[in-house]
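Residue numbers (our numbering): -10 to 358.
Glycine included, every Cβ here is placed at the ideal spot set by N, Cα and C.
A quick write-up on the structure given underneath.
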Amino acid sequence: MKVKEICDYSGSTLLGMNGGMVESPDSKRIIYARKADLTKPETEIWICDRGFENHRKVYDVHCGNHNGPSATFITNSLIVFRDVEFEGIAGKEPSICVFRILDVDTGEVKYKIRGKESHCAENGKYPFSISTEYLDKNPDYPEINSCGIYILDVESGKIMLVATEEDILNMVREHGLTPNEHTASVSHVQLNPSATAVMMRLGVKDCPVFGALGCIDLDTKKTHMIADKPVHQLWFDDDTYMATRQFNQGRHIEMETSYIARFSKDGEELEVLGGISNHMDGSFDRKYFAGDRCYPDFAPNVYLYKRGDKNPIATFEISKDEYTTWKLQVHPNPSFSRDGKRLYFNKQCKCYNGKYRTVAVFADISEII
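This is the structure:
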């Protein structure tokens, strides 16, 4: 199927993490990033109308290419994105990650917090994690005073610690796993749709390849763990996950045997959702799923699946360029539109005259779903 670029730009354009909110809740705006040079950190955050008119820059940031600045909508006017702050020259150490929440209508930065960002907000609540390197780095927020998982209410500004470092370590031990030195430095924290539970990726000694997936019920404090977790996990609904199941064959992770599935919070596979995948997403009605073939030695094509069928109903071909995919770390990261009629993803281009480039694109899938 044919795809269209989000904007006409001579440099590169990028979308954020798989499952991020490319569109505003009212589906009237789109958020993306521009990079003049993929080998440099300078990046711009842009928004435009859903019809790809009225493009305008809203902020300048520094970031790598992996997930770009993770830019996503929270409300119709609030966006969140990652930036990297440097104490010296940009691109040199030391540096620290920060996420900002910006009102694109007024230009006001509502919040600036040094910590690890999430994929998206749920019900106006945005989760994030704090590890050792971020301690004492948020003087404007004295309530951020220990490692753990926090939730920011973007309307009231209230910040709540919902899982301490000790909570996380105890959860791992209670489920028979062994913490390592990085266990409490969790990532990919995500709230379920009703914002009553939070999941996170953890490193543990027992799972050196895939890591583990933890979950804490915010009301009951009941915990769940999946060892050697499926990858690029997202919430399917309030109680289950959708993710890519992969198999490690010692020297490599197999592409051919990967597939998208739904899992319980304790790791039981409940149903097959789609076929070959790495980064994945599901339409909001959960009738369709998309995954990319982002594996070494393969072109990172994007596939569209109807729920329960491993055979794709559409294939979006992408040029094979190992340097862009793995050295520059540009991954397709598919994401559905709010109405499920568009599929957004990053599409790397062929290298010309030594210039590497990628473009944020969308496919109109309304006629095949």
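Based on Cα-Cα distance, which residue from R162, N112 and D72 lies nearest to C86?
-> D72
At a cut of 8 Å, does the segment 246 to 265 reach the segment 228 to 237 through at least three beta carbon pairs?
-> yes
In the DSSP assignment, find the unbroken alpha helix (DSSP H) run with D286 in it and report its ends.
-> Premise fails: D286 is in no alpha helix (DSSP H) and is neither H nor E.
From I265, I157 and H177, pick the residue whose C-alpha is nearest to that of Y284; which is it?
-> I265
Among K295, R45, P116 and M(-10), which one has its Cα closest to the Cα of V93?
-> R45
Beta carbon of R327 nearer than 8 Å to that of S66 | no
Top-ranked residue by Cα proximity to E76, from K126, G297 and G96 | K126
Can you tell me which of A25, Y115 and E42 puts its alpha carbon nearest to the alpha carbon of M387?
-> Because the chain in this structure spans residues -10 to 358, residue 387 falls outside the shown range and cannot be described.
Continuous alpha helix (DSSP H) stretch holding R162: start and end | E154 to E163
Alpha-carbon spacing of R39 relative to M160, whole angstroms | Going by the C-alpha atoms only, they are around 43 Å apart.
Run of the beta strand (DSSP E) containing R103, from where it starts to where it stops = No beta strand (DSSP E) contains R103, which DSSP labels as neither H nor E.
Rounded to a whole number of angstroms, what is the C-alpha to C-alpha distance between S59 and K105?
-> 11 Å
What's the gap between the Cα of Y277 and the Cα of F334?
-> 15 Å
For the beta strand (DSSP E) that contains W315, what are its first and last residues?
-> That residue, W315, is in no beta strand (DSSP E); it is neither H nor E in DSSP.
Given a threshold of 16 other Cβ atoms within 10 Å of its Cβ, counted over all protein chains shown, does S(-1) qualify as buried or as exposed?
-> exposed
DSSP puts G113 in a beta bridge; with which residues?
-> None, per the DSSP bridge assignment.
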